[in-house]
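Numbering follows the working numbering, with no gaps: position 385 of the sequence shown is 719.
Data first, discussion second: the structure below is written as structure tokens.
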Amino acid sequence: MEATAGPILELGALLLVAAGAGWVARRVGLPAIVGYLVIGLGVSPFTPGFVAERHQLELMADLGVVLLLFEVGIEVDLIRLRHEQRGLVWAAPLQVLISAAIAGGGAMAMGLPAFGAAIVGLSVAISSGVVVVNITRSARRTTDPQTEHALLGWSVVQDVTGVAVSAVVLAMAGIGGRPLPIALAGLVVFAILAVIVAWLLPRALVGVREQADTFLIVSVATGLVVAGLGSVAFGVPLALAAFVGGLAIVEGPATAEARRRLRPFRDLFAVLFFVAIGTLIDPGALVDGWRWLALALVTLVVGKILVTYVLTRAAGLDAHPWQMALGLGQLGEFGYVLAGVAITAGLFGEEVRSAILAAVAISIVISTVLVRVVREKPAATEGMGAAAVEG
335 MEATAGPILE LGALLLVAAG AGWVARRVGL PAIVGYLVIG LGVSPFTPGF VAERHQLELM
395 ADLGVVLLLF EVGIEVDLIR LRHEQRGLVW AAPLQVLISA AIAGGGAMAM GLPAFGAAIV
455 GLSVAISSGV VVVNITRSAR RTTDPQTEHA LLGWSVVQDV TGVAVSAVVL AMAGIGGRPL
515 PIALAGLVVF AILAVIVAWL LPRALVGVRE QADTFLIVSV ATGLVVAGLG SVAFGVPLAL
575 AAFVGGLAIV EGPATAEARR RLRPFRDLFA VLFFVAIGTL IDPGALVDGW RWLALALVTL
635 VVGKILVTYV LTRAAGLDAH PWQMALGLGQ LGEFGYVLAG VAITAGLFGE EVRSAILAAV
695 AISIVISTVL VRVVREKPAA TEGMGAAAVE G
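Have a look at this one:
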């Protein structure tokens, strides 16, 4: 036990320091995530001073991403979303495809092979669900309820589209050493497994609802088991498998209760996740790969923020178009996941991964600040596509 005392002490101290940094960030008008990222940079092996145990943080970040995306998947109700905001059903997937094509095309023009470029494109195209949720809950927010509802809906449809496209791209790239037919068959079998789990879990949770400890353990363990099976048995990346497992679970009293009880753990692991991102950014690699950082940020503006603005107006959503565009204008958890998969598979080098992670940090800071100060009339009140508005 004494051998683990040091890592536990370090982890506890990091959480306390991160909490303090988040408090300071909020006091000066910045999102708490900025403080977490700064602490990660401060304890990384690439900056002077104390160096945190990187593998421990990466493990906690990976665990956090799994639980984050499993909980986000549970929160998605595609049937309700389709009826309330019909424009989102086509606008968000179209944005993912256009954004990925623009960013991926730029990466190919700069010399990356097709699959590596596709990973860069998808990393730029998919926003951070955690950041979007924080934007809609912040005490400093200037968004109205309609815009917040549209932001959350767009984010989850974006996630669904991104997971589907990513799974196909990774299967075609042969990641995991499986031939394409076997990889695709694995995806189908895993989807069937997720549906079976989705049918069983709410019924199991109802049976243990009065036992708070058992209820929580079953909820968390199910997410981990589904994610682990998807990765080990079917070749689906761990975090993507967790999202699919959560997505398959239909809305109901038991799942709403599971979401409520999981939220504090999600918030805790989100802190560790953003601290871990800070420890992974290598300033030296960024110096060599500054062109990749520039590509990510430029295509984020041109291929995602502007595209989201145009599509919000075209869909006639009852939301502020610029707040929609800026609120979704960041890279997020999927960028971290996909960059890790790509570098392990040799699809690109450390300079590209560091650029993606730096773009995650920079875009989150800028997005969460700008979305508070930009206001204009909702697209639906400006006469563009008003007939498409639902809810």
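Heads up, the beta-carbon is just placed ideally off N, CA and C, and yes, glycines get one too.
Quick caveat, the model's predicted, so the values are computed rather than measured.
Cα-Cα separation, residue i to residue j
i, j, result
"residue 702", "residue 684", "27 Å"
"residue 723", "residue 427", "For residue 723, the predicted structure reports a pLDDT of 29, less than 50, and the residue's modelled location is therefore unreliable. A value from the coordinates is still provided. Each residue's alpha carbon lies about 17 Å from the other."
"residue 717", "residue 430", "Confidence at residue 717 is low in this model, with a pLDDT of 43, below 50, so its placement is unreliable and the value that follows should be read with caution. Roughly 25 Å between the two C-alpha positions."
"residue 503", "residue 459", "14 Å"
"residue 378", "residue 676", "22 Å"
"residue 627", "residue 444", "12 Å"
"residue 484", "residue 706", "16 Å"
"residue 501", "residue 612", "27 Å"
"residue 383", "residue 669", "28 Å"
"residue 572", "residue 560", "9 Å"
"residue 529", "residue 598", "26 Å"
"residue 656", "residue 480", "14 Å"
"residue 700", "residue 466", "13 Å"
"residue 425", "residue 365", "28 Å"
"residue 517", "residue 665", "27 Å"
"residue 663", "residue 634", "7 Å"
"residue 351", "residue 522", "44 Å"
"residue 556", "residue 602", "19 Å"
"residue 371", "residue 400", "19 Å"
"residue 369", "residue 610", "12 Å"
"residue 558", "residue 538", "16 Å"
"residue 550", "residue 358", "32 Å"
"residue 658", "residue 566", "37 Å"
"residue 725", "residue 482", "Its pLDDT being 33, under 50, residue 725 is placed unreliably in this model, and the coordinates cannot settle the point."
"residue 644", "residue 478", "20 Å"
"residue 727", "residue 362", "In the structure as shown, the chain begins at 335 and stops at 725. Residue 727 is therefore absent and cannot be evaluated."
Minimum C-alpha distance to residue i - residue among the options
i, options, result
"residue 575", "610, 621 and 527", "527"
"residue 396", "469, 690, 434 and 674", "674"
"residue 771", "694, 636 and 640", "Here the chain comprises residues numbered 335 to 725, so residue 771 is not present and cannot be evaluated."
"residue 553", "446, 531 and 351", "531"
"residue 546", "594, 558 and 562", "594"
"residue 435", "499, 537 and 369", "499"
"residue 495", "538, 457 and 363", "457"
"residue 394", "566, 450 and 349", "349"
Sequence-distant residues of its chain with Cβ nearer than 8 Å to residue i (five each side left out)
i, result
"residue 514", "505, 506 and 508"
"residue 577", "403, 404, 406, 407, 493 and 497"
"residue 719", "Model confidence at residue 719 stands at a pLDDT of 38, short of 50, so the residue's coordinates are unreliable; what they give is reported in the following sentence. The residues are 421, 647, 648, 649, 650 and 713."
"residue 381", "375 and 617"
"residue 450", "441, 676, 681, 682 and 686"
"residue 390", "341, 344 and 345"
Proximity below 8 Å, CB of residue i to CB of residue j
i, j, result
"residue 462", "residue 667", "yes"
"residue 688", "residue 616", "yes"
"residue 345", "residue 604", "no"
"residue 473", "residue 455", "no"
"residue 373", "residue 355", "yes"
"residue 486", "residue 470", "yes"
"residue 548", "residue 540", "no"
"residue 660", "residue 639", "yes"
"residue 376", "residue 606", "no"
"residue 387", "residue 341", "yes"
"residue 608", "residue 446", "no"
"residue 693", "residue 631", "yes"
Cβ-heavy atom distance, residue i to the ligand HEM, below 7 Å
i, result
"residue 362", "You won't find the ligand HEM in this model; it holds no ligand whatsoever."
Local Cβ density within 10 Å of residue i, reported as buried at 16 or more and exposed below that
i, result
"residue 453", "buried"
"residue 678", "exposed"
"residue 343", "exposed"
"residue 492", "buried"
"residue 680", "exposed"
"residue 569", "buried"
"residue 654", "buried"
"residue 338", "exposed"
"residue 695", "buried"
"residue 625", "exposed"
"residue 596", "buried"
"residue 448", "exposed"
"residue 347", "exposed"
"residue 600", "buried"
"residue 623", "buried"
"residue 715", "Low confidence applies to residue 715: its pLDDT is 49, below 50, so where it sits in the model is not reliable, and the reading given next is rough at best. That one is exposed."
"residue 535", "buried"
Other residues of its chain near residue i: CB distance less than 6 Å, five sequence neighbours each side excluded
i, result
"residue 564", "524, 570 and 575"
"residue 520", "568 and 569"
"residue 614", "691"
"residue 360", "366"
"residue 704", "660"
"residue 385", "379"
Residue-level contact to chain B via CB, residue i, 8 Å cutoff
i, result
"residue 696", "As a matter of chain content, chain B is missing from the structure shown, which is built from one protein chain."
Beta-carbon proximity list for residue i, same chain, < 7 Å, skipping 5 on both sides
i, result
"residue 629", "440, 441 and 444"
"residue 353", "none"
"residue 641", "429, 432 and 433"
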